[in-house]
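So the protein lines, in turn, are chains W and C.
Just so we're aligned, residue 1 is where the first sequence starts under the numbering used here, counting upward by one.
Just so we're aligned, residue 1 is where the second sequence starts under the numbering used here, counting upward by one.
Note that beta-carbon positions come from the ideal geometry of N, C-alpha and C, so glycine has one too.
What you are looking at is a predicted structure, and each value in this text was computed from that prediction instead of being measured.
Remarks on the structure that follows.
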Amino acid sequence: MMTSFLPLVAAVLFAIGAIGVLIRRNAIVILMCIELMLNAVNLTFAAYSYELRSMTGHIFIFFVMTVAAAEAAVGLGIVIAVFRKRHSADVDDVNLMRW
Amino acid sequence: MSLEALVTNLIAFVAIFSALMVVFHRNPMVSVVFLIVNLLCVALFFLFLDAQFLFAIQIIVYAGAIMVLFIFVVMLLNIRQIEEARPTWRVQRMLAYVGGPLLVAALWSALWRRSSSSGAFSGSFSNGFGSAEDMGRLLFGDYIFQFEAASVLLVVAMIGAVLLARRKES
Chain W
1 MMTSFLPLVA AVLFAIGAIG VLIRRNAIVI LMCIELMLNA VNLTFAAYSY
51 ELRSMTGHIF IFFVMTVAAA EAAVGLGIVI AVFRKRHSAD VDDVNLMRW
Chain C
1 MSLEALVTNL IAFVAIFSAL MVVFHRNPMV SVVFLIVNLL CVALFFLFLD
51 AQFLFAIQII VYAGAIMVLF IFVVMLLNIR QIEEARPTWR VQRMLAYVGG
101 PLLVAALWSA LWRRSSSSGA FSGSFSNGFG SAEDMGRLLF GDYIFQFEAA
151 SVLLVVAMIG AVLLARRKES
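Pasting the structure below:
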């Protein structure tokens, strides 16, 4: 398979995720955008792993998935805890520690 | 254009379109569904790149477990659409739209040199490249310490999630 265009696809996906983190204020959507960025990185790892005929990239993807699962569990736990207190999942409503 | 190129271009298009829908759709529930589509597209790319084990893990863990968690929370909280009432800080929004394309350009220029020499590295595939067997051999051989560290991370995350989401009894 031709892998040369995959890094470009991954870069575009990563940038879309980064834009989402900046312009959205719903905490759940922001967490989803972070998942999007992690997936773009995974795609790059897989493409170069294929090109270099080395499975080290696959190991990296495995651990990125582990961290993503942990991050989603803790992040959504925080969202639920904040929602209980403030009845909002808007990140602009949680600004006590901002400055 | 060969059939394979056609299929991979189609998958790439669907992946980027679904990513855009995740970011720009107002309803979080629709965002979750499009994120699942995006994850499945990446899983298909894994299949094309001879990463069968990761293809299975991507669908089971990501599109299965993690996305069910997201859907569960979106449905549990039932967030009303109040975002349009207060737009985001305008400078931040402009920064996003200017910085996004710049980020693509920077990443692409960094990766381009490597990609343009595609095929220069002519190593051969080992027999079980990407299989669960080779993956397990690596994980329980060279990377056993990292594997154990990941298990500790998952336990800590599980305890943390339970403690955070617990209702305070008082």
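Quick one: list the residues of chain C neighbouring Ile78/W, beta-carbon separation under 8 Å, in chain order.
-> Leu164
Would Met75/C count as contacting chain W if we go by Cβ distances under 8 Å?
-> no
Three-state class that DSSP yields for Asp90/W in the structure shown = strand
Mark Asp50/C as exposed unless 16 or more other C-beta atoms lie within 10 angstroms of its C-beta, in which case mark it buried.
-> Label assigned to Asp50/C: buried.
Between the CA atoms of Ala72/W and Phe72/C - distance to the nearest angstrom = 12 Å
Taking any Cβ of chain W, which residues in the segment 47-59 of chain C have a Cβ under 8 Å from it, in chain order?
-> Phe48, Leu49, Asp50, Ala51, Phe53, Leu54, Ile57, Gln58
For Gln92/C, count neighbouring Cβ atoms within 10 angstroms of its own Cβ and tell me buried if that reaches 16, exposed if not.
-> exposed
Pick out whichever of Ile11/C, Val33/C, Ala132/C, Leu153/C has its Cα sitting closest to the Cα of Ala68/W.
-> In terms of Cα proximity to Ala68/W, the closest of Ile11/C, Val33/C, Ala132/C, Leu153/C is Leu153/C.
For the 8 Å Cβ check, are there 3 or more pairs between the segment 28-35 of chain C and the segment 2-12 of chain C?
-> no
Quick one: residues in its chain with C-beta nearer than 7 Å to the C-beta of Tyr48/W, no 5 flanking neighbours on either side, listed in chain order?
-> Gly57
From Leu39/C to Ile23/W, what distance separates their C-alpha atoms?
-> 22 Å
Are Phe14/W and Leu107/C closer than 8 Å when you measure CB to CB?
-> yes
Helix, strand or coil for Asn78/C per DSSP?
-> coil
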